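Protein chains in written order, with the working numbering: chain A, 1 to 442; chain B, 1 to 442. Below is one structure; the comments refer to it alone.
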């Protein structure tokens, strides 16, 4: 490594960290990119991995491959355990030992994690849906669940096994609920002879009075109608109060017997935020200046979900990929400006709009926050945009082929479950073993 | 289920069990197919999953999908724990409980497992390479290993991390050794800036005096030459005596520092064989009549790797897929003949030959045990044959695309590692942690 170049350490290879590294890759800096995984995850499609539509390799990309031709970008597989800003150093746990890594500039891009709002019981008994690992856990759970449902003789047990609850009326919740329903009804149903005539329930629970909070009224309504049209039950104005013995309790008094609670709501800054040593803003996020510098720390920047910055309307920028990408580009530029003694620029967000898919030929899109589109057109736009923004030609090709296959063949291509059935039970399912009886034999 | 049809229970959805089920799928029998996994594995390509060339979904196929249109084939995800032949019943552990399943006819097709010949230390410290799960473990180990090697400052540690030992000079051993070498030299090397100029060693160890025992001399010699040509070191006439503190001890006195010992030699009948209640033949296999009926048990058949049957030359048929497939076809036919009171036929094996690939454009093939082919032609034949015999159009398409991509781009497509680095260490690596020092910082 060229000792004369300043050393930039980037924590996190999500959209924020990755785009900073990309934009600095040909600049006179030495970059060390650190992540707990050897890959970057295309998070908008993680729910499709969970619901057997795509494989993990389709939505993940090896970090080393991205920077194969950039000799000034090094990668370290490990977990950052502390930030010691006054010594310009961090500690990293890697290969079972802790290393000290020093920096000239630090970029904190550790993203966000699921927020259970202090409800530990929900954290333990529900499935998160943020990471590749989450997706694999859900997939394994679902396929094992169907295998159990196929052979159970107990009607109550069958009902609980075939009822799935998704919490959160944002894009992830909507997309997951739709995909869950279609997984069974479109793809798997005919393969399960004993249970194929049973009704499967997917219940989407949202605390607010409508789905898709930030969208205009018409699209919110349309999303609900499209979901109900395929068969998903939408419960609005209700929160999950608790879960016990495979029963989910809602604040409106409903009790739902289920083995599957997917928590697709609420994010907070990754726990790394607490290590930076500044007072955190709402949602456990690191407050940054409009230049993306952490408030009070000249040589530390933060970007993306973990950074807290208010827009002109006084509201914090949302924890979304386009925000992270645009902040990352500015951050890279400002870091070089700081190096060259130039004045840094302030963040300005260009909002291209938002979209969510619901199922086959169903979606909503709010293009440039101006044009409201629903149904097939929105769905095609969603597919096209996600294909374009995927990283790497091979992943695009693979996703395109898998989508086409799934659509035409009414199939789901990714249904291989590793691990014995015994390994895959949730705590809730294990707990229920004593209370629920299943007929022996078949 | 139609109660008048006799009930055939098949244990195992490998090549033996699967082909029996397929051939009985349209016959007047009720079939219950039981497997520990929800998928059938195309075992000849498992080593490519281990070495990042293919993904697990490419070489595995959901059992339920295979029989989606056969209403007389049911599937149970579970592990058979006992066979009670005199009561015509088996016990199956499924979803954490044990069920009793009765049969009219039982087909034991549980395959084989790795034979460590009683050497427990090797079992604990080495990687098997028979199942999809084995492959994922090896892949995770290799990629984590390279990450460690990239950052270590200790030359001895670096040497051990970059030395890989494969035991077994059969097709699997040869193919794995070649693929391991190419994984690093062809695909990954340029991405690891610190270690790319280091020499990586892959050592193939075979106890006999030549590789590929059953092949003719010229092909055995060619396989060795082709392996050495790409860079693999071949050690003949030596066995692994033990492994301790990351050192593999060979019977010829060699001591090899390594973190990676892949055990690609020796199979024995799956442990289920012991439950059938008959005296086992050599290799813990179940002795069968030429009709594929288990000796002494009228209503129990065995097929494939777990079955022991001698050919006209007095030698047992090898534990290979074509044998299993041909036995399965005969078994299905004989089972129907027994049902109809007809005379059963005896097994006759049609040997189409054998082949093994070594690397890019390198292979050996012994077609119909008659024509000896090496190099590019053998390699193309190998690729074509494996593509054809893969199950399902989508898997063929996906493997074809991935192979083409890997070949043209000098890449390996399947490099996503799930699980934290800490989870992935072998016992050997953990044990070494105290004795091996790594420089802090980088």
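Note that CB positions come from ideal geometry on N, CA and C, so glycine has one too. The model shown is predicted, which means the values in this text are computed figures rather than measured ones.
Name, going along the chain, the residues of the segment 39-71 of chain B whose beta-carbon falls closer than 7 Å to a beta-carbon of chain A. Identification of residues in the segment 39-71 of chain B having a C-beta nearer than 7 Å to some C-beta of chain A yields 39, 55, 56, 57, 60, 62, 64, 65, 68 and 71, given in sequence order.
Start and end residues, alpha helix (DSSP H) containing residue 47 (chain A): Position 47 of the first chain, counted from the start, is the residue given in the question as residue 47 (chain A). According to the DSSP assignment, residue 47 (chain A) belongs to the alpha helix (DSSP H) that extends over 46-50.
Beta-ladder partner(s) of residue 233 (chain B), from DSSP: As a working mapping, residue 233 (chain B) is identified with position 233 in the second chain. Residue 233 (chain B) is bridged by DSSP to B:203.
Keeping to the same chain, check which residues put their C-beta closer than 8 Å to that of residue 196 (chain B); ignore five residues upstream and five downstream. Here residue 196 (chain B) is taken as the residue at index 196 of the second chain, counted from 1. Cβ neighbours of residue 196 (chain B) beyond the five flanking positions: 189 and 190.
According to DSSP, simplified to helix, strand and coil, what is residue 97 (chain A)? To locate residue 97 (chain A), count along the first chain from 1; it is residue 97. Correct three-state label for residue 97 (chain A): strand.
Given a limit of 7 Å on CB to CB distance, which residues of the segment 187-208 of chain B reach chain A? Residues of the segment 187-208 of chain B with a C-beta less than 7 Å from any C-beta of chain A: 190, 191 and 193, listed in chain order.
Could you give the DSSP three-state label for residue 336 (chain B): helix, strand or coil? Taking the second chain and counting its residues from 1, one reaches residue 336 (chain B) at position 336. Residue 336 (chain B) falls in the helix class under three-state DSSP.
Residue 433 (chain B) at chain A interface by Cβ criterion, 8 Å: Here residue 433 (chain B) refers to the residue found at position 433 of the second chain. Residue placement at residue 433 (chain B) is flagged as unreliable, the pLDDT there being 37, under the threshold of 50; a coordinate-derived value is accordingly withheld.
Exposed or buried, which one is residue 393 (chain A) when buried takes at least 16 other CB atoms within 10 Å? Indexing the first chain from 1 puts residue 393 (chain A) at position 393. Under the 10 Å beta carbon count, residue 393 (chain A) is surrounded by fewer than 16 other beta carbons and is classified as exposed.
Would residue 380 (chain B) pass as an interface residue toward chain A - the criterion being a Cβ-Cβ separation below 8 Å? For the purposes of this step, residue 380 (chain B) is taken as residue 380 along the second chain, with counting starting at 1. The Cβ of residue 380 (chain B) sits no closer than 8 Å to any Cβ of chain A.
DSSP state of residue 347 (chain B) mapped onto helix, strand, coil: Taking the second chain and counting its residues from 1, the one referred to as residue 347 (chain B) is at position 347. Reduced to three states, the DSSP call for residue 347 (chain B) is coil.
Residues that residue 182 (chain B) contacts on chain A, provided the C-beta gap is smaller than 9 Å: The sequence position of residue 182 (chain B) within the second chain is 182, counting from 1. Neighbours of residue 182 (chain B) on chain A: none; closest Cβ ~16 Å, over 9 Å.
Can you pull the chain A neighbours of residue 405 (chain B), defined as C-beta to C-beta under 7 Å? Stepping through the second chain from its first residue, residue 405 (chain B) is reached at position 405. Those are 394, listed as they occur along chain A.
If we define contact as Cβ-Cβ less than 8 Å, is residue 95 (chain A) a contact residue for chain B? By 1-based counting over the first chain, the position of residue 95 (chain A) is 95. So yes, residue 95 (chain A) belongs to the interface.
Can you tell me whether DSSP reads residue 291 (chain B) as helix, strand or coil? For the purposes of this step, residue 291 (chain B) is taken as the residue at position 291 of the second chain. DSSP, read as helix, strand or coil, puts residue 291 (chain B) in coil.
Could you pull out every residue in the same chain whose Cβ sits closer than 8 Å to the Cβ of residue 46 (chain A), ignoring the five residues on either side in sequence? As a first step, residue 46 (chain A) must be located in the first chain, where it is residue number 46. Take residue 46 (chain A), set aside five residues on each side of it, and the residues of its chain with a beta-carbon closer than 8 Å to its own are 59, 129, 130, 131, 132, 134 and 135, in chain order.
Count the C-beta pairs between the segment 220-230 of chain A and the segment 356-363 of chain A that are closer than 8 Å, then say yes if the count reaches three, no if not. Touching, per the Cβ criterion.
Please determine if the segment 60-71 of chain A and the segment 239-253 of chain A are in contact, where contact requires at least 3 C-beta pairs separated by less than 8 Å. Touching, no.
Tell me residue 238 (chain B)'s beta-bridge partners as DSSP assigns them. Taking the first residue of the second chain as 1, we reach residue 238 (chain B) at position 238. None; residue 238 (chain B) has no bridge partner.
Suppose only complete runs of 3+ residues qualify. What are the beta strand (DSSP E) ranges in the segment 48-135 of chain B, listed by chain order? The qualifying runs are 60-62, 73-77, 79-84, 89-94, 97-102, 105-108 and 112-114.
Residue 170 (chain B) versus B:214, B:390, B:83 and B:271, residue with shortest Cα-Cα distance: Counting from one through the second chain, the residue named residue 170 (chain B) turns up at place 170. For the residues B:214, B:390, B:83 and B:271, the minimum Cα distance to residue 170 (chain B) belongs to B:214.
Bridge-paired residues (DSSP) for residue 268 (chain B): Here the question's residue 268 (chain B) lines up with position 268 in the second chain. Note: residue 268 (chain B) sits in a beta bridge opposite B:113.
In the DSSP assignment, find the unbroken alpha helix (DSSP H) run with residue 255 (chain A) in it and report its ends. Stepping through the first chain from its first residue, residue 255 (chain A) is reached at position 255. Run containing residue 255 (chain A): none in the alpha helix (DSSP H); it sits in the beta strand (DSSP E), 255-257.
Where residue 380 (chain B) and residue 53 (chain B) are concerned, what is the direct C-alpha to C-alpha distance, given to the nearest angstrom? As a first step, residue 380 (chain B) is located in the second chain; it is residue number 380 there, counting from the start. As a first step, residue 53 (chain B) is located in the second chain; it is residue number 53 there, counting from the start. Rounded to whole angstroms, the separation of the alpha carbons of residue 53 (chain B) and residue 380 (chain B) is 17 Å.
Measure the C-alpha to C-alpha separation of residue 242 (chain A) and residue 310 (chain A) and round it to an integer number of angstroms. Position 242 of the first chain holds residue 242 (chain A). Position 310 of the first chain holds residue 310 (chain A). If I take the Cα positions, the gap works out to 33 Å.
Taking the alpha-carbon positions, what's the residue 269 (chain A) to residue 346 (chain A) distance? As a first step, residue 269 (chain A) must be located in the first chain, where it is residue number 269. As a first step, residue 346 (chain A) must be located in the first chain, where it is residue number 346. If I take the Cα positions, the gap works out to 22 Å.
May I ask you to verify whether the segment 315-332 of chain A touches the segment 145-164 of chain A, counting CB pairs closer than 8 Å and requiring at least 3? No, the segment 315-332 of chain A does not touch the segment 145-164 of chain A.
Which residues of chain B have a Cβ atom closer than 7 Å to the Cβ of residue 74 (chain A), listed in chain order? Numbered from its first residue, the first chain carries residue 74 (chain A) at position 74. By Cβ distance, chain B contributes 193.
Return no unless some Cβ of chain A is closer than 8 Å to the Cβ of residue 413 (chain B). Stepping through the second chain from its first residue, residue 413 (chain B) is reached at position 413. Interface residue, yes.
By Cβ distance, which residues of its chain are closer than 6 Å to residue 275 (chain B), with the 5 residues on each side in sequence left out? On the second chain, residue 275 (chain B) is found 275 positions in, with the first residue counted as 1. Sequence-distant Cβ neighbours of residue 275 (chain B) in its own chain, meaning closer than 6 Å and more than five residues away, are 82 and 83.
Whole angstroms is fine: what's the gap from residue 183 (chain B)'s alpha carbon to residue 126 (chain B)'s? In the second chain, the residue the question calls residue 183 (chain B) occupies position 183. In the second chain, the residue the question calls residue 126 (chain B) occupies position 126. Their backbone Cα atoms lie some 20 Å apart in a straight line.
So that I know if they touch, is there some Cβ in chain A lying closer than 8 Å to that of residue 151 (chain B)? In the second chain, the residue the question calls residue 151 (chain B) occupies position 151. At a cut-off of 8 Å between beta-carbon atoms, residue 151 (chain B) makes contact with chain A.
Output the distance between the C-alpha atoms of residue 331 (chain A) and residue 162 (chain A), rounded to the nearest integer angstrom. As a first step, residue 331 (chain A) is located in the first chain; it is residue number 331 there, counting from the start. As a first step, residue 162 (chain A) is located in the first chain; it is residue number 162 there, counting from the start. Distance between the alpha carbons of residue 331 (chain A) and residue 162 (chain A): 47 Å.
Given that a residue counts as buried once 16 or more other Cβ atoms are within 10 Å of its Cβ, and exposed if not, what is residue 164 (chain A)? Taking the first residue of the first chain as 1, we reach residue 164 (chain A) at position 164. When all chains shown are included, residue 164 (chain A) counts as buried.
Spatial neighbours of residue 391 (chain A) in its chain, beta-carbon cut-off 8 Å, leaving aside the 5 residues before and after: Taking the first chain and counting its residues from 1, the one referred to as residue 391 (chain A) is at position 391. Result list for residue 391 (chain A): 40, 42, 61 and 66, in chain order.
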